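Q: After the structure tokens below, expect a handful of questions from me.
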Amino acid sequence: MDSQVVTALLTKAKLGNLVFITDVRQSFERLKSANRQKLFFILDLPGKDTKRLFKIYIPTVTYLNNEQLEFVRSYIQAEIYNILSTLGGLNMVIYLDTTKKDLIQFVKSLNNAFELEKPRSARLGYGRAVNVIERIRSSLEPENYPKTRDKFTFNIEDISLLPELTEPKNDRQNTIGGFENAAKNLTGKVICGVDIGGTNNKVVLVNNGTICCVKEYSWFPAKFKIPAEQINPIYLLIKLVIVKVSLDENNTLATEKKTKLLKDLDSALKREATYAYIKEVVEEAESALNGNLIEVDAIGVSFPDVVIKDKIVGGEVSKMRGMRENPDINYEQEFISITNLDEHLKELCKKEGIVKIINDGSMAAFTAAVELSSGKNSAEIVKNGIFAHTLGTELGTGWVTPNGIIPEIPLEVYSIIIDLGSFIEREYHCDDLRSINNFNTNLPGTLQKYTSQSGVFRLALKYFPKERPDLYQELFDMGFIEEKTVNGTSMFIVPTEPVDMRKGFMGHMMQLLDREDNETTRKIFSEIGYFLAITWLETERLLKPEANSRQLFGGLLTNKKCYQQIQDGAQSLIKDLHFDIANEKMANTALMKQLENPPDYSVGQFALTIGAVYYANQGL
């Protein structure tokens, strides 16, 4: 019976076990036709001929009790939320058997679940996906959007009216030349590449095809309350490398003065340098140079948020959380400053210079496409496009289609729901390391807590207490975890003040594999790989990307044993699934090869900054 299937899934969830959305989908699809109901979703995307069809099966709702109904409802909501988080859209039409009045009432609840009638500031959970959709449109159509009647809607139609849709076909072109050109013609140009993260910012300045200066800077943007706290450090770091290279090339300053300033700037370029110190040194050097700064042709930026046409338009990521929760500001108004980061940075370019910004996942895919196009067997490797993930503070996702296009869609894959179970872990506050609830939406089961940094931390607290209490205690002894009480509730967190321990915690987990290669730590990274395999299945369903492998970027992969466990975990679900790491093996272009040997930085560390240079150069 259909109710028995739902009961089995619920029992599994209540016991604290994973219930993957892929398994729920397959369980419902296997139901006999008499025991299931069919729903078709047509998503209307901007542009011509851009409708996408999705089909799901659910148990016949007539025979389900309230608890079972709620589980099935959560499944439908998750399917729709994943579609919207990935693709965006203008509206969605749901086709069903309209003679089934109980089914109609069931589906009508979507309007409330996605909070369509509420203002953006009041939306929580599923409604955050609608916020992103609206910001995309209002940012790109500022004059028309307030007047439009086309706000996102759910509409219900009878299944007999379902139109025939053909799958969109990629117009395959030879894209190698375009990617190759992005890495060429750097002579005579000054280009800055910037990689913005949730833990670190990285900046590189390239002059005449040579890396002249690099900078890494740690920060915790999720606690920032106003836009200036995010914008000013980015601006300052770019100014730092500009001033440093300008001073290197200056021959007018007195030797003693220049030597002193260069020494101070070298100190400012060190990772541990504070914002205040960097600002002081840059101002002093800039004053001494008296306006004699090198002219910057372009700035390329990799940014961890939805970016459309160089405008940051998402606003629901973790790094904006402090601003969103600040009661003293109007977030929608203040976020416009973040949206227009390109205009702020344009001040650092020469008059005809440009600023190009894309999402960090998209930058990863673009970077991989450029490097692979310059390597052996390039035509074969890139013919199906490139799909990439960044494993950092969050999971970033990027896609270059077979015809060389970076789709202008939200692609917030880190936010999609993969687990409808684990009921025990969803009881913890989202800030608790043990929680599966998303930091931004509070929705349980999203990829944010299953992959990259947050996933590793959560799994450590899941397995270490019982399996390796010695390693669990070590996390406290080393200051990576502390217990605190918030509103009478005890929770475990990673301290970020006075020292941000997130990077140290991650490094420690990776080193454990080298130190003792214990079974529990191997299991943690294997599960990260397994969750990435689930990600593969969901992105295949939502996007049909055609790419044969996934390119992985991020510090998590610098440890070979970590990578191997991730690969093994993924292949335990999908045997032929393969991940390629963005390391020295990917360094095919002349600029990327300059990262291969220096002791202070590496390809894996600064690959996206070089990609950002190429992206800006392509814009030129």
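Position in the sequence shown (from 1) plus 15 gives the number in our numbering.
No residue lacks a Cβ here, since even glycine has one placed at the ideal position from N, Cα and C.
Keep in mind the model is a prediction, meaning the values are calculated, not measured.
1. Give the DSSP bridge partners of N215, in chain order.
2. Give me the residue from Y545, R336, L84 with the minimum Cα distance to L139.
3. From I369, E82, Q92, E172, pick the residue whose C-alpha is nearest to that of Y110; which is it?
4. Relative to the C-alpha of N453, which candidate in F495, L410, L426, L490 has its C-alpha closest?
5. For R67, report the span of its beta strand (DSSP E) as first-last.
6. Can you tell which of Q566, F235, I539 has its C-alpha closest to the C-alpha of I581?
7. Can you pull the DSSP bridge partners for I421?
8. Would you please state the rounded distance, in angstroms, between the beta carbons of N399 and N563? I believe it to be under 8 Å.
9. Across which residues does DSSP place K254 in a beta bridge pair?
10. Would you list the residues sitting across from H404 in a DSSP beta bridge?
11. Pairs of beta-carbons, one from the region 115 to 135 and one from the region 68 to 87, closer than 8 Å: are there three or more?
12. Could you compute how far the alpha carbon of N374 sits from the alpha carbon of A49?
13. Tell me P459's beta-bridge partners as DSSP assigns them.
14. What residues in its chain sit with their C-beta under 7 Å from that of F86, if we drop five residues either side in the sequence?
15. What's the C-alpha gap between Y141 and T604?
16. Name the one or two DSSP bridge partners that V108 has.
17. Classify C577 as helix, strand or coil using the three-state DSSP reduction.
18. Any idea if N418 is buried or exposed, counting beta-carbon neighbours within 10 angstroms, 16 or more meaning buried?
19. Under 8 Å, with one C-beta from each stretch per pair, do the region 451 to 466 and the region 341 to 357 reach the 3-pair mark?
20. Any contact between the region 290 to 301 and the region 322 to 339? By contact I mean 3 or more CB pairs, one from each, below 8 Å.
21. What are the residues that DSSP puts in a beta bridge with G470?
22. By Cβ distance, which residues of its chain are closer than 6 Å to T168, with the 5 residues on each side in sequence left out?
23. Can the beta-carbon of R473 be found less than 8 Å from the beta-carbon of P459?
24. Compute the Euclidean distance between the alpha carbons of A631 and R150, then round it to the nearest angstrom.
25. Give every residue of the same chain whose Cβ lies closer than 8 Å to the Cβ of R164, excluding the five residues on either side of it in the sequence, and list them in chain order.
26. For N223 and chain E, any beta-carbon pair shorter than 8 Å?
27. When you compare only the Cα positions, how much space is there between L527 and N81?
28. Do the CB positions of L435 and I36 come within less than 8 Å of each other?
29. Identify whether D515 lies in helix, strand or coil by the three-state DSSP scheme.
30. Can you check which of these residues, P484, F495, G503, is closest to T535 by C-alpha distance?
31. Note down the Cα distance separating I211 from E362, rounded to an integer number of angstroms.
32. Work out the CA separation of L426 and Q633 for me, nearest whole Å.
33. Taking C-alpha atoms, which residue in K518, I57, E130 lies nearest to N170?
34. Say yes only if the C-beta of K133 is nearer than 7 Å to one or more non-hydrogen atoms of the ligand GDP, and no if none qualify.
35. Out of E482, C445, N196, which has the shortest C-alpha to C-alpha gap to F507?
36. Quick one: what's got a C-beta closer than 6 Å to Q19's C-beta in the same chain, skipping five residues either side?
A: For this structure:
1. Here residue 215 refers to the residue found at position 200 of the sequence shown. BP columns for N215 point to S233.
2. On the sequence shown, position 124 is the one that residue 139 refers to. Nearest option by C-alpha distance: R336.
3. Indexing the sequence shown from 1 puts residue 110 at position 95. The shortest Cα separation from Y110 among I369, E82, Q92, E172 belongs to E172.
4. Along the sequence shown, one-based indexing puts residue 453 at 438. Out of F495, L410, L426, L490, L410 has the C-alpha closest to the C-alpha of N453.
5. The residue labelled residue 67 in the question sits at position 52 within the sequence shown. Start and end: 66 to 74.
6. Translated into the one-based positions of the sequence shown, residue 581 becomes position 566. That would be I539, whose Cα lies nearest to the Cα of I581.
7. If you number the sequence shown from 1, residue 421 lands on position 406. None, per the DSSP bridge assignment.
8. Within the sequence shown, numbered from 1, the residue matching residue 399 stands at position 384. Within the sequence shown, numbered from 1, the residue matching residue 563 stands at position 548. That belief holds up - the Cβ atoms of N399 and N563 are roughly 6 Å apart, short of 8 Å.
9. Numbered from its first residue, the sequence shown carries residue 254 at position 239. Beta-bridge pairing links K254 to no other residue.
10. Numbered from its first residue, the sequence shown carries residue 404 at position 389. T412, L567.
11. yes
12. As a first step, residue 374 must be located in the sequence shown, where it is residue number 359. As a first step, residue 49 must be located in the sequence shown, where it is residue number 34. Spanning the two alpha carbons is a distance of roughly 45 Å.
13. Stepping through the sequence shown from its first residue, residue 459 is reached at position 444. Its beta-bridge partners are N452.
14. For the purposes of this step, residue 86 is identified with residue 71 of the sequence shown, where counting begins at 1. Excluding positions up to five away in sequence, the list reads V21, L24, L25.
15. Reading the sequence shown from its first residue, position 126 is the one you call residue 141. Reading the sequence shown from its first residue, position 589 is the one you call residue 604. Straight-line Cα distance between these residues: approximately 42 Å.
16. Here residue 108 refers to the residue found at position 93 when the sequence shown is read from its first residue. In the DSSP output, where bridge partners are listed per residue, V108 has I57, N170.
17. Start at 1 with the first residue of the sequence shown, and residue 577 comes out as number 562. Helix at C577.
18. Working through the sequence shown from its first residue, we reach residue 418 at position 403. Exposed: under 16 other Cβ atoms inside 10 Å.
19. no
20. no
21. Residue numbering aside, residue 470 sits at position 455 when the sequence shown is read from its first letter. G470 pairs with nothing; no bridge assigned.
22. Locating residue 168 in the sequence shown gives position 153, counting from the first residue. Same-chain partners within the cutoff: N106.
23. Locating residue 473 in the sequence shown gives position 458, counting from the first residue. Locating residue 459 in the sequence shown gives position 444, counting from the first residue. Contact: no.
24. Numbered from its first residue, the sequence shown carries residue 631 at position 616. Numbered from its first residue, the sequence shown carries residue 150 at position 135. Spanning the two alpha carbons is a distance of roughly 25 Å.
25. For this step, residue 164 is matched to residue 149 along the sequence shown. Bear in mind that a pLDDT of 46 at R164, under 50, signals an unreliable position, so the model cannot answer this.
26. In the structure shown, chain E cannot be found, because there is only a single protein chain.
27. Sequence index remark: in the sequence shown, residue 527 carries index 512 (1-based). Sequence index remark: in the sequence shown, residue 81 carries index 66 (1-based). Straight-line Cα distance between these residues: approximately 46 Å.
28. By one-based count along the sequence shown, residue 435 stands at place 420. By one-based count along the sequence shown, residue 36 stands at place 21. Yes. Within cutoff.
29. One-based indexing of the sequence shown puts residue 515 at position 500. In the structure shown, D515 sits in coil (DSSP, three-state: anything other than H, G, I, E or B).
30. Here the question's residue 535 lines up with position 520 in the sequence shown. Nearest of P484, F495, G503 to T535, Cα basis: P484.
31. Here residue 211 refers to the residue found at position 196 of the sequence shown. Here residue 362 refers to the residue found at position 347 of the sequence shown. In a straight line, the C-alpha of I211 is about 19 Å away from that of E362.
32. Working through the sequence shown from its first residue, we reach residue 633 at position 618. Working through the sequence shown from its first residue, we reach residue 426 at position 411. Cα to Cα, the separation comes out at about 22 Å.
33. In the sequence shown, the residue the question calls residue 170 occupies position 155. Checking every option, the nearest Cα to that of N170 belongs to I57.
34. As presented, the structure is devoid of all ligands, the ligand GDP included, so that no description of it is given.
35. Here residue 507 is taken as the residue at index 492 of the sequence shown, counted from 1. Residue C445 is the option with its Cα nearest to F507.
36. Numbered from its first residue, the sequence shown carries residue 19 at position 4. Excluding positions up to five away in sequence, the list is empty.
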